[in-house]
Amino acid sequence: MGTLGGLRRWPELVGDESSLLVDTVAPGVLRLSEAVVSERERAYFYLLIGHDADCLIDGGWGFCSSLDALRPDRSKPLLAIATHSHFDHIGLLHLAGTRYGHPAEAAVFADPHPVATQALPYLDGLEALAGGGRIDPASVRQRACPLDALLAEGGTVDIGGRALTVLHTPGHSPGSLTILDAANGLLFCADVVHDGHIWDDIPGTDRGALLRSHDRLLEVDFALACPGHGAILSRAAFQDRIARYRRDIGA
């Protein structure tokens with residue numbers, strides 16, 4: 001049951017916390033991804049443990065029903081910061097009691113239609129699942145995750161012992177955010193910079209804005225960049241990736 005012509009239906013892919021791949025980036029910082037998704041298409045999201053609250057940065061595809069087993073103290077609130085509204089980053093945002101994001105993409109979070117999130121037509125025919133499986137495009141459904149608070153350049157989210165600073169870094173999408181945990185030397189840069197293909201030619205992208213965002217991030221002091229795809233990057237590797245992107249596009 002649940003398959004159609006060899007396709008997997010979205011709801012049948014949802015598991016519990018044991019379906020997640022979990023790595024420790026630093027004390028109190030977990031990098032999460034979904035094992036059911038192929039390594040090529042996998043998106044990373046992050047759970048930060050604070051004294052007063054825990055915070056998700058992004059939410060993957062959404063193939064997990066709970067994060068409770070990963071949180072030492074579930075009596076604390078769970079917040080979420082959405083870096084942007086693409087389908088592979090918003091899936092578990094609905095689990096948070098309070099969600100933060102940029103107003104430019106608020107409408108998509110409130111009504112994550114698969115075309116608005118760019119799940120479609122991208123997933124149509126794509127072997128997106130581990131082992132080469134495909135998802136029935138008609139079954140793509142993600143939970144609404146309306147924003148409770150809007151973030152702008154220079155804003156902060158303090159979860160107790162960890163203050164997160166908001167940088168507006170458009171280009172990959174109009175409302176793309178990068179989150180700086182300055183005290184711990186961590187930069188959560190989502191899809192603005194990563195070691196895979198940097199998408200700059202899909203709806204909502206702006207190559208000029210992306211280049212300006214890269215210029216901005218080259219001036220930020222941090223030790224590790226935590227992107228939405230690919231490996232954790234040292235600052236030197238981060239700078240090299242931006243240089244390679246510029247060479248690739250002839251900028």
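Residue 103 in the UniProt record's numbering sits at position 103 of the sequence shown; the count goes up by one each step and never skips.
The beta carbon of each residue, even a glycine, is placed where N, CA and C say it ideally should be.
Just so we're clear, the structure is a prediction, and the values are computed from it rather than from any experiment.
message: Which residue marks the beginning of the alpha helix (DSSP H) containing residue 108, and which one marks its end?
response: 106-110
query: Is the Cβ of residue 247 closer than 8 Å to any Cβ of chain C?
result: As a matter of chain content, chain C is missing from the structure shown, which is built from one protein chain.
- request: Compare the Cα-Cα distances from residue 51 to each of 197, 158 and 109 and report the closest residue.
  value: 158
field: Three-state secondary structure assigned by DSSP to residue 227
entry: strand
query: Going straight from the alpha carbon of residue 15 to that of residue 203, what length do you get?
result: 31 Å
Beta-carbon gap between residue 53 and residue 184 smaller than 8 Å: no
- request: Evaluate residue 39 with the Cβ neighbour count: other Cβ atoms within 10 Å of its Cβ, from every protein chain shown; 16 or more gives buried, anything less gives exposed.
  value: exposed
field: Cβ neighbour criterion (16 or more within 10 Å) applied to residue 4
entry: Interpretation of residue 4 is limited by its pLDDT of 45, a score under 50 that renders its predicted location unreliable; no figure is taken from the coordinates.
message: Between 131, 141 and 78, which has its C-alpha nearest residue 61's C-alpha?
response: 141
query: In this structure, what does DSSP give as the bridge partners for residue 49?
result: 54
query: Which class does residue 245 belong to by DSSP, given the choice of helix, strand or coil?
result: helix
- request: Measure the Cβ-Cβ separation of residue 145 and residue 99 and say whether it is below 8 Å.
  value: yes
- prompt: How many Å lie between residue 201 and residue 17 at the Cα?
  reply: 34 Å
field: Cβ contact (3+ pairs, closer than 8 Å) linking the region 113-130 and the region 145-154
entry: no
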